[in-house]
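Residue numbers for the sequence shown, in mature numbering (1 follows the signal peptide of the UniProt record, and there is no 0): -28 to -1, 1 to 161. This report concerns only the one structure given below.
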Amino acid sequence: MPMASPLLTTLVAALAASLFAMPAIAQAGSGKDTTTTMDGTSAAMQGAGYRRGMLGTRGPSDCSRAKDPEQCAARRAAHRQVYEACRDKSGSALGQCLHQQAEQIDCTQARIPAQCAQRKTAYALCKGKTGAPFRNCVLQETLPADCSSASNASNAAVCQRQDKARKLCAAKSGSQHRQCVLDILGVGQ
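Put into structure tokens, the structure is as follows:
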């Protein structure tokens, strides 16, 4: 039997080693993510959708470009406070902690206090549920918006379209719910 050349032996060994290591390299992202975003929160704290390098995802919006920068900054600060309070929890304990934090929100400080109070009531009624059943329960328990109190006719029309979308898409979840809402609101047309 002829001897293999040292170059061929080295090439085969290198190829075998790289193929053996490939599954381990593919899992490198599962470790603790220590990157931080511009607002000081870690990417891992913001969920999988905010990790850098993932296709089709976007990071937190820039509050300086929002319609209401103060409201955006206040919302971000409130979210940061909630996540800081629940930082050491995971799994179902994290979900319970987040629900407890939501119950403690002061609706008098909200931009629309009545809407905040209504959402808190819906959260309390749906307390034992998680995931899609929780979202569906909240949608069903949330009363229709009072569009008569809109500041002008344009806002009233938007309010009515959003309320219609909420009612018609309540039974759907995930990407189907999103597409249903976009279709009704006429976004992108």
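For every residue, glycine included, the Cβ atom is placed at its ideal position computed from N, Cα and C.
Here the alpha carbon of arginine 150 sits roughly 14 Å from the alpha carbon of leucine 111. Counting only the Cα atoms, alanine -13 lies some 17 Å from serine -24.
Per DSSP, reduced to three states, the secondary structure at lysine 136 is helical. Cysteine 98 and proline 41 have their alpha carbons spaced roughly 32 Å apart. Secondary structure at threonine 102: coil, using DSSP grouped into helix, strand and coil. The way I'd put it, the stretch 87 to 94 doesn't touch the stretch 55 to 66; fewer than three beta-carbon pairs between them come closer than 8 Å. With a cutoff of 8 Å on beta-carbon distance, cysteine 109 and aspartate 135 are scored as not near each other. The beta carbon of cysteine 35 sits closer than 8 Å to those of Pro41, Cys44, Ala45, Arg48, all from its chain and outside the five residues before and after it, given in chain order.
DSSP places proline 41 in the uninterrupted alpha helix (DSSP H) bounded by 41 to 57. Contact annotation, arginine 107 with serine 145: C-beta distance approximately 6 Å; criterion of less than 8 Å satisfied. Under the criterion of beta carbons closer than 8 Å, cysteine 131 and cysteine 141 do not qualify as touching, at roughly 16 Å. Within the stretch 60 to 116, complete alpha helix (DSSP H) segments of at least 4 residues are found at 64 to 75, 85 to 97, 103 to 113, given in chain order.
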